Amino acid sequence: MARVQMETLENFELTAEGGTCDALYDLGLIYSTGRGVDVDLVTAHKWFNLAAVRGSEAARQLRTELALEMDPSEVAEAQRQAREWLAAH
Numbered sequence: 205m206a207r208v209q210m211e212t213l214e215n216f217e218l219t220a221e222g223g224t225c226d227a228l229y230d231l232g233l234i235y236s237t238g239r240g241v242d243v244d245l246v247t248a249h250k251w252f253n254l255a256a257v258r259g260s261e262a263a264r265q266l267r268t269e270l271a272l273e274m275d276p277s278e279v280a281e282a283q284r285q286a287r288e289w290l291a292a293h
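What follows is the structure, encoded as structure tokens:
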């Protein structure tokens with residue numbers, strides 16, 4: 205990944221640590237589309253789940269769509285990661 209893309213991703217993650225709905229949603233988009241990173245549906249689901257918890261209807265819809273493409277164990281892992289993130293932030 206290019207340095208600029210990595211810095212952008214790090215900036216989104218830092219913003220997301222503050223729990224902003226838009227930053228959480230944007231991280232879900234990044235990982236679900238592979239924009240500058242490898243597609244990672246588990247991580248995308250995690251970020252969409254967190255954005256949905258913060259009130260994003262769009263994130264709620266995309267999380268549901270992703271879950272249909274994932275194995276139940278992957279969804280469970282994404283949910284575990286989301287709970288872990290919430291506990292830390």
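Here the sequence shown is numbered in my numbering, starting from 205 and rising by one per residue.
Ideal placement from N, C-alpha and C gives every residue a C-beta, glycine not left out.
Just so we're clear, the structure is a prediction, and the values are computed from it rather than from any experiment.
Quiz item: Terminal residues of the continuous alpha helix (DSSP H) containing R284?
Solution: Following the DSSP letters along the chain, one finds R284 inside the alpha helix (DSSP H) bounded by residues P276 to A292.
Quiz item: Within this structure, are the beta carbons of L272 and G232 separated by less than 8 angstroms?
Solution: The Cβ atoms of L272 and G232 do not sit closer than 8 angstroms to each other.
Practice problem: Might you give, ordered along the chain, the residues of its own chain that have their beta carbon closer than 6 angstroms to the beta carbon of A286, omitting 5 neighbours on each side? | Solution: The beta carbon of A286 sits closer than 6 angstroms to the beta carbons of K250, N253 and L254 from its chain, once the five residues preceding and following it are set aside; these are given in chain order.
Self-check item: Neighbour-count burial assignment, L290, 16 or more Cβ in a 10 Å radius
Solution: Under this definition L290 is an exposed residue.
Self-check item: Euclidean distance between Cα positions of V243 and T237
Solution: For V243 and T237, the distance between alpha carbons rounds to 6 angstroms.
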